[in-house]
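Novice: The following block contains the structure, expressed as structure tokens.
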Amino acid sequence: MEQRDDGKSQDLLAACPRVVNVGLEMFAGNLAARGARVVHVEWSPPAGGDARLAGLLEKLRS
Amino acid sequence: MSVIANEVRRATYFDSIVLMRISRQVAGMTGVAEAGLMLGTPANKDILREAGILGPEGEAAEAGDLILALRAADAAAAAAAMAEAKRLLDAPKEQAATSALCAVRTIRSAVRELPDANLALISVPGHFAVAEARKALALGLHVMIFSDNVALADEVAIKREARARGLLVMGPDCGTAIIGGAPLCFANEVPRGDIGIVGASGTGIQEVSCLIARAGRGISHAIGTGGRDLKAEVGAITTLMAIDALDADPATRHIVLISKPPEAAVARVVLDRVARSAKPFTICFLGAAGLSLPANARAAATLKAAADASLGRAAGDAPAARVRAHRGSLVRGLFAGGTFCSEAQIVFAQAGLPVASNVPVPGAKPLAGAPEAHGLAHTMIDLGDDEFTRGRPHPMIEPAVRERPLAAALADPATGAILLDVVLGYGAHPDPAGHLAGFLGGRNGGPLVIASVTGTDADPQPRGAQVEKLLAAGVTVAGSNAEAAALAVTAVGGA
Amino acid sequence: MKSIDEANQDALARILAGDPHLVDVVPAAQAIPELTERMILHAGPPIGWERMCGPLRGAVQGIAVFEGWAAGLDDAAAKATAGDFAFAPNHHFGAVGPMTGMTTKSQPLLVVENKTYGNRAYCAINEGLGKVMRFGGNDAEVLDRLRWIARVLGPALGGALRACGGIALKPLIARGLTMGDEMHQRNVACSSLLLRQLAPALARTAQSGDELAACLDFIGRNDQFFLNVAMAMGKALTDPARDIAGSTVVTAMSRNGTDFGIRVAGTGERWFTAPVEMPVGLYFPGFSERDANPDMGDSAIVETIGLGGFAMAAAPAVVGYVGAGRASQAAAFTRQMSEIVVGHNPAWTIPAMDFAGVPTGIDIRLVVETGLAPTINTGIAHREPGVGQVGAGVVKAPLACFEQALVCFAETMDLT
Numbered sequence: 204m205e206q207r208d209d210g211k212s213q214d215l216l217a218a219c220p221r222v223v224n225v226g227l228e229m230f231a232g233n234l235a236a237r238g239a240r241v242v243h244v245e246w247s248p249p250a251g252g253d254a255r256l257a258g259l260l261e262k263l264r265s
Numbered sequence: 131m132s133v134i135a136n137e138v139r140r141a142t143y144f145d146s147i148v149l150m151r152i153s154r155q156v157a158g159m160t161g162v163a164e165a166g167l168m169l170g171t172p173a174n175k176d177i178l179r180e181a182g183i184l185g186p187e188g189e190a191a192e193a194g195d196l197i198l199a200l201r202a203a204d205a206a207a208a209a210a211a212m213a214e215a216k217r218l219l220d221a222p223k224e225q226a227a228t229s230a231l232c233a234v235r236t237i238r239s240a241v242r243e244l245p246d247a248n249l250a251l252i253s254v255p256g257h258f259a260v261a262e263a264r265k266a267l268a269l270g271l272h273v274m275i276f277s278d279n280v281a282l283a284d285e286v287a288i289k290r291e292a293r294a295r296g297l298l299v300m301g302p303d304c305g306t307a308i309i310g311g312a313p314l315c316f317a318n319e320v321p322r323g324d325i326g327i328v329g330a331s332g333t334g335i336q337e338v339s340c341l342i343a344r345a346g347r348g349i350s351h352a353i354g355t356g357g358r359d360l361k362a363e364v365g366a367i368t369t370l371m372a373i374d375a376l377d378a379d380p381a382t383r384h385i386v387l388i389s390k391p392p393e394a395a396v397a398r399v400v401l402d403r404v405a406r407s408a409k410p411f412t413i414c415f416l417g418a419a420g421l422s423l424p425a426n427a428r429a430a431a432t433l434k435a436a437a438d439a440s441l442g443r444a445a446g447d448a449p450a451a452r453v454r455a456h457r458g459s460l461v462r463g464l465f466a467g468g469t470f471c472s473e474a475q476i477v478f479a480q481a482g483l484p485v486a487s488n489v490p491v492p493g494a495k496p497l498a499g500a501p502e503a504h505g506l507a508h509t510m511i512d513l514g515d516d517e518f519t520r521g522r523p524h525p526m527i528e529p530a531v532r533e534r535p536l537a538a539a540l541a542d543p544a545t546g547a548i549l550l551d552v553v554l555g556y557g558a559h560p561d562p563a564g565h566l567a568g569f570l571g572g573r574n575g576g577p578l579v580i581a582s583v584t585g586t587d588a589d590p591q592p593r594g595a596q597v598e599k600l601l602a603a604g605v606t607v608a609g610s611n612a613e614a615a616a617l618a619v620t621a622v623g624g625a
Numbered sequence: 004m005k006s007i008d009e010a011n012q013d014a015l016a017r018i019l020a021g022d023p024h025l026v027d028v029v030p031a032a033q034a035i036p037e038l039t040e041r042m043i044l045h046a047g048p049p050i051g052w053e054r055m056c057g058p059l060r061g062a063v064q065g066i067a068v069f070e071g072w073a074a075g076l077d078d079a080a081a082k083a084t085a086g087d088f089a090f091a092p093n094h095h096f097g098a099v100g101p102m103t104g105m106t107t108k109s110q111p112l113l114v115v116e117n118k119t120y121g122n123r124a125y126c127a128i129n130e131g132l133g134k135v136m137r138f139g140g141n142d143a144e145v146l147d148r149l150r151w152i153a154r155v156l157g158p159a160l161g162g163a164l165r166a167c168g169g170i171a172l173k174p175l176i177a178r179g180l181t182m183g184d185e186m187h188q189r190n191v192a193c194s195s196l197l198l199r200q201l202a203p204a205l206a207r208t209a210q211s212g213d214e215l216a217a218c219l220d221f222i223g224r225n226d227q228f229f230l231n232v233a234m235a236m237g238k239a240l241t242d243p244a245r246d247i248a249g250s251t252v253v254t255a256m257s258r259n260g261t262d263f264g265i266r267v268a269g270t271g272e273r274w275f276t277a278p279v280e281m282p283v284g285l286y287f288p289g290f291s292e293r294d295a296n297p298d299m300g301d302s303a304i305v306e307t308i309g310l311g312g313f314a315m316a317a318a319p320a321v322v323g324y325v326g327a328g329r330a331s332q333a334a335a336f337t338r339q340m341s342e343i344v345v346g347h348n349p350a351w352t353i354p355a356m357d358f359a360g361v362p363t364g365i366d367i368r369l370v371v372e373t374g375l376a377p378t379i380n381t382g383i384a385h386r387e388p389g390v391g392q393v394g395a396g397v398v399k400a401p402l403a404c405f406e407q408a409l410v411c412f413a414e415t416m417d418l419t
């Protein structure tokens with residue numbers, strides 16, 4: 204698969220990142236304490252961990 | 131006669147750090163041999179099973195369920211421990227710093243709250259990490275995957291998908307990054323500057339960035355690639371994209387690559403890309419020898435040498451000091467950072483000293499059984515390796531994990547010097563030096579203790595004060611892990 | 004080929020584009036020609052007599068006597084057991100009904116027309132509070148009231164509505180949201196606004212001063228009068244989205260006291276059912292959970308269009324009343340529902356949430372992914388027929404409905 208090169212990595216490096224934190228809350232806390240813009244996601248396993256339903260959800264993601 | 135007790139809570143998720151804290155508290159109760167609260171993923175069940183605390187209820191748990199498992203001396207102790215575990219789980223959440231943040235349930239909702247979000251930081255259990263990464267990529271976010279236990283095939287697939295979208299995947303198992311001045315996960319407070327880093331090792335990035343900071347210079351960005359990016363299957367996808375990004379970044383004037391030595395074909399691809407850059411590179415493939423480098427690249431055998439090279443300093447000077455070992459003649463390295471363990475082995479191997487490790491570099495012997503069985507080999511142990519961290523916190527988060535092997539090394543008459551790494555920064559223990567000093571305090575004699583302290587004065591645990599505490603406890607503090615290892619070499623009469 | 008997201012945007016657009024007007028009241032037989040003798044429409048997905056809960060049976064017995072299909076309540080029960088009546092969901096005939104939701108040929112039905120698409124939906128007139136047929140009441144008092152509604156109130160309302168050209172409902176709802184209504188448990192503002200608009204037309208078209216007084220009194224005493232209007236409106240708004248290939252948006256949520264059923268745009272008329280859950284709430288003095296009937300009614304159509312439990316932030320008082328928590332937590336309910344929808348309704352906004360639009364267009368994929376089932380505000384009926392309402396609370400749609408729907412949807416898309 205070829206790489207797209209429309210400067211998205213440049214955009215990432217150009218300024219302080221705006222972060223979506225999924226998982227350990229400590230990471231979001233540290234970023235917030237430094238003044239970074241971060242949203243913490245109260246994550247739980249998709250479909251309550253049901254592998255079959257989670258698999259279906261992935262196929263239906265569009 | 132010991133009793134195993136298990137309870138399973140359907141479809142329940144808790145932050146793994148919270149679970150580990152509770153596990154430790156429960157494990158410390160009277161009559162409790164072992165305790166673990168973990169999500170029921172296959173990898174976690176392996177851990178609980180091997181710890182001898184997984185019973186039939188736990189076996190039946192599904193990936194999204196929470197397993198409470200423990201082994202106690204008798205039924206009464208087991209019941210009391212299980213009750214306490216549940217009490218701790220259900221206690222009202224502490225007022226965390228993030229309570230002011232708006233909490234949402236999905237990445238999709240998060241992007242709705244923060245429409246200009248551009249990076250997803252994923253630290254859910256590895257079993258679920260790739261699916262979350264895919265959602266983030268679909269929403270146009272770059273991704274940093276802190277999680278480990280992600281299948282190699284999944285890493286390859288997700289990096290290819292990301293590349294096709296022009297997005298970066300840092301990880302899996304990426305513990306450190308510094309992007310746009312923001313320290314991510316386990317990283318240090320370092321000034322902005324013109325040196326960029328692309329690293330397959332989190333602690334490697336930490337060491338080099340801190341050394342640069344302490345020399346008065348700064349970092350433009352440190353891009354983590356995850357530990358397997360330079361394997362043939364992955365083909366350096368993230369490394370190459372990172373080089374492209376730093377090449378195009380006007381703030382970056384020098385680029386440091388940090389990794390263990392890659393397979394030859396991958397090294398070739400990476401070095402070819404380095405050759406096409408107009409910027410100077412320092413290549414730190416730890417322990418690699420005889421690399422054929424392009425004109426704009428210099429090799430560095432250690433992290434300290436890499437930092438020096440990026441700063442334009444000459445490398446390879448002899449250590450400024452020599453020390454003498456006390457008592458025995460063997461060096462025992464006990465490391466929280468795997469890269470530091472490797473680096474120490476490399477320093478010893480280059481000095482011609484025999485060394486054994488649980489994660490041996492080429493030229494070192496594998497460690498099996500007790501250290502005494504290795505006769506005259508010095509030992510370097512990575513305490514962050516899987517065998518030590520099953521169901522237990524990583525030593526960088528919880529320094530107490532190092533205490534038992536440290537006590538054993540201190541007590542062993544064969545030990546002449548002990549090598550330790552102390553890592554500061556975000557995510558690390560609030561006072562690692564204080565903890566270590568407290569443990570070592572009041573010793574009379576015993577082996578020499580040599581430590582390096584990876585950090586800066588701007589870190590949450592200011593480095594200067596940390597060093598003071600160690601010095602006051604009689605620890606010899608070196609300026610870097612490589613220097614500490616070199617000091618240890620002199621301590622046992624090596625070059 | 005359209006993506007699922009595109010199909011969902013289409014479904015949401017159709018719901019949001021609706022322009023519902025309360026235009027008339029007509030006898031059911033006229034609105035629904037298929038409604039013949041001994042045909043009884045009920046709330047919820049399809050169900051037979053044997054599985055019906057107490058209040059629903061009580062209502063069936065009562066309506067059978069009302070229509071003259073049985074000599075008395077016991078005779079009605081016997082005939083029902085013998086299979087003399089044809090039961091069908093309101094939803095199958097363009098109608099909805101609260102709680103037991105009885106719809107039969109002689110009853111006057113509110114008519115809501117969606118002027119954007121030309122479709123109509125129907126609902127019986129709300130009987131009032133206390134011992135009523137929607138809670139399974141079936142004694143002489145209940146039936147007399149139904150006769151009065153059929154003979155006096157229905158025609159009077161119909162006449163007034165035709166005379167004034169009908170009442171636009173979208174702006175009325177928008178106003179009610181700013182006044183503390185959520186249109187499921189709290190309808191007092193909309194009921195008052197409606198009466199205010201209707202009164203002059205009622206005055207002009209009423210047959211007598213006594214009739215006018217009786218109608219005004221009946222409507223004016225009933226804080227929940229508007230509920231039935233809101234329900235018919237909900238069906239009129241969702242029906243145009245009922246059959247959109249590739250869409251995972253929910254077009255109906257409904258309960259019959261035994262089963263909870265949902266319908267999804269991409270799977271058309273199919274019901275996905277699971278056992279109803281028990282509401283959790285506060286009880287009137289003298290009653291407790293022991294007395295509660297399981298969840299019942301077509302009124303969840305209100306949540307299907309972003310009101311009710313989804314608009315809880317507009318009605319903080321309801322939160323405490325239904326025992327769902329503290330008033331300050333009302334916004335959290337609405338925010339939670341935002342996680343499982345396709346978008347928000349710019350026409351219906353909630354001041355307390357900085358005028359955010361109500362979350363609209365439940366996506367079954369998001370429900371299954373997050374495990375957040377739609378929150379429904381509901382009245383709680385007594386288990387015994389005829390006793391009436393014993394409390395109010397919050398109930399969740401069963402996750403199983405959405406999981407089944409997801410599997411079926413994936414099969415229709417050849418994606419299993």
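Protein chains in written order, with this note's numbering: chain W, 204 to 265; chain A, 131 to 625; chain Z, 4 to 419. Glycine residues also receive a C-beta, built at the ideal position from the N, C-alpha and C atoms.
Quickly, what does DSSP pair C126(Z) with across the bridge? List them, please.
Specialist: DSSP lists V99(Z) and L113(Z) as partners of C126(Z).
Novice: I need the straight-line Cα distance from Y143(A) to L251(A), nearest angstrom please.
Specialist: Each residue's alpha carbon lies about 18 Å from the other.
Novice: Is the Cβ of A227(A) closer than 9 Å to any Cβ of chain Z?
Specialist: Below a pLDDT of 50, predicted positions are generally treated as unreliable, and A227(A), at 32, falls in that range; the measurement from the model is reported next regardless. With 9 Å as the cut-off, A227(A) does not count as an interface residue toward chain Z.
Novice: Taking buried to mean at least 16 other C-beta atoms within 10 Å of its own C-beta, is N574(A) buried or exposed?
Specialist: Exposed, because fewer than 16 other Cβ atoms sit within 10 Å of the Cβ of N574(A).
Novice: Determine which residues share a DSSP beta bridge with N224(W) and list them.
Specialist: Answer is H243(W) and L251(A), bridged to N224(W).
Novice: Taking E406(Z) as the query, report the chain W residues whose CB atoms sit under 7 Å from its CB, ordered along the chain.
Specialist: L256, listed in chain order.
Novice: Between the segment 353-364 of chain Z and the segment 387-398 of chain Z, can you find at least three pairs of beta-carbon atoms closer than 8 Å?
Specialist: Contact fails: fewer than three Cβ-Cβ distances are below 8 Å.
Novice: Tell whether a beta-carbon distance below 9 Å holds between T171(A) and P255(A).
Specialist: A contact, by the Cβ cut-off of 9 Å.
Novice: Tell me the residue span of the beta strand (DSSP E) that contains F316(A).
Specialist: Here F316(A) belongs to no beta strand (DSSP E), and DSSP marks it neither H nor E.
Novice: Counting along the chain, where does the beta strand (DSSP E) carrying N259(Z) start and finish?
Specialist: Taken as a continuous stretch (DSSP letters only), the beta strand (DSSP E) holding N259(Z) covers V253 to N259.
Novice: Taking the CB atoms as reference points, tell me whether K175(A) and L167(A) lie closer together than 9 Å.
Specialist: Contact flag unset, no.
Novice: Are there 16 or more other CB atoms within 10 angstroms of the CB of L98(A), so buried, or fewer, so exposed?
Specialist: Residue coverage of chain A in this structure runs from 131 to 625, which leaves residue 98(A) outside it and unanswerable.
Novice: Is there at least one Cβ from chain A nearer than 9 Å to T363(Z)'s Cβ?
Specialist: Taking Cβ atoms only, chain A never reaches closer than 9 Å to T363(Z), which makes this a no.
Novice: Looking at the unbroken beta strand (DSSP E) that takes in N380(Z), where does it start and where does it end?
Specialist: Start and end: T378 to A384.
Novice: Residues of the segment 200-223 of chain Z in Cβ contact with chain W at a cutoff of 7 Å, in chain order, please.
Specialist: Within the segment 200-223 of chain Z, no residue has a Cβ that lies closer than 7 Å to any Cβ of chain W.
Novice: If contact means a Cβ-Cβ distance below 9 Å, which residues of the segment 358-378 of chain A contact chain W?
Specialist: Hits within the stretch, in order: I367, L370, M371, A372, D374, A375, L376 and A378.
Novice: Does chain A have any CB closer than 9 Å to the CB of K5(Z)?
Specialist: Output row for K5(Z): interface = no.
Novice: Could you give the first and the last residue of the continuous beta strand (DSSP E) run that contains V273(A)?
Specialist: That run of the beta strand (DSSP E) goes H272 to I275.
Novice: If contact is defined by three or more beta carbon pairs under 8 Å, each pair taking one atom from either stretch, is the segment 138-154 of chain A in contact with the segment 207-223 of chain A?
Specialist: Yes, since at least three Cβ pairs between the segment 207-223 of chain A and the segment 138-154 of chain A fall closer than 8 Å, the two stretches touch.
Novice: Quick one, are the C-beta atoms of M234(Z) and D301(Z) less than 9 Å apart?
Specialist: Yes, the Cβ-Cβ distance between M234(Z) and D301(Z) is below 9 Å.
Novice: Please identify the residue among L259(W), K262(W) and P248(W) whose C-alpha is closest to the C-alpha of G374(Z).
Specialist: Looking at the Cα atoms, P248(W) is the closest of the given residues.
Novice: At which residues does the beta strand (DSSP E) containing S291(Z) begin and terminate?
Specialist: Note, S291(Z): premise wrong, no beta strand (DSSP E); not H, not E.
Novice: Would you say V286(A) and K390(A) are within 9 Å of each other, going by their C-beta atoms?
Specialist: No, Cβ-Cβ distance for V286(A) and K390(A) is not below 9 Å.
Novice: Tell me which same chain residues have a C-beta within less than 7 Å of the C-beta of Q225(A), skipping the five on either side of it?
Specialist: At Q225(A) the pLDDT is 39, less than 50, meaning the model places this residue with poor confidence; the figure from the coordinates comes in the next sentence. Same-chain partners within the cutoff: there are none.
Novice: Under the assumption that V321(Z) contacts Q188(Z) (Cβ atoms under 8 Å), give the Cβ distance between them as a whole number of angstroms.
Specialist: Indeed, because the Cβ distance is near 5 Å, the residues count as touching under 8 Å.
Novice: Hey, is G133(Z)'s beta-carbon within less than 9 Å of any beta-carbon in chain W?
Specialist: Not closer than 9 Å to any Cβ of chain W, the Cβ of G133(Z) fails to qualify, so no.
Novice: In three-state DSSP terms, what is N231(Z)?
Specialist: It is helical.
Novice: Taking 9 Å as the cut-off, decide whether the C-beta atoms of I176(Z) and A255(Z) are in contact.
Specialist: Going by C-beta atoms, I176(Z) is not nearer than 9 Å to A255(Z).
Novice: Per DSSP, what kind of secondary structure is T276(Z) in: helix, strand or coil?
Specialist: Strand at T276(Z).
Novice: Output, in chain order, the set of chain Z residues within a Cβ distance shorter than 8 Å of T236(A).
Specialist: Neighbours of T236(A) on chain Z, chain order: E342, L369, E372 and T373.
Novice: Cβ of R443(A) within 9 Å of Cβ of I511(A)?
Specialist: No, the pair does not count as a contact, with Cβ atoms beyond the cut-off.
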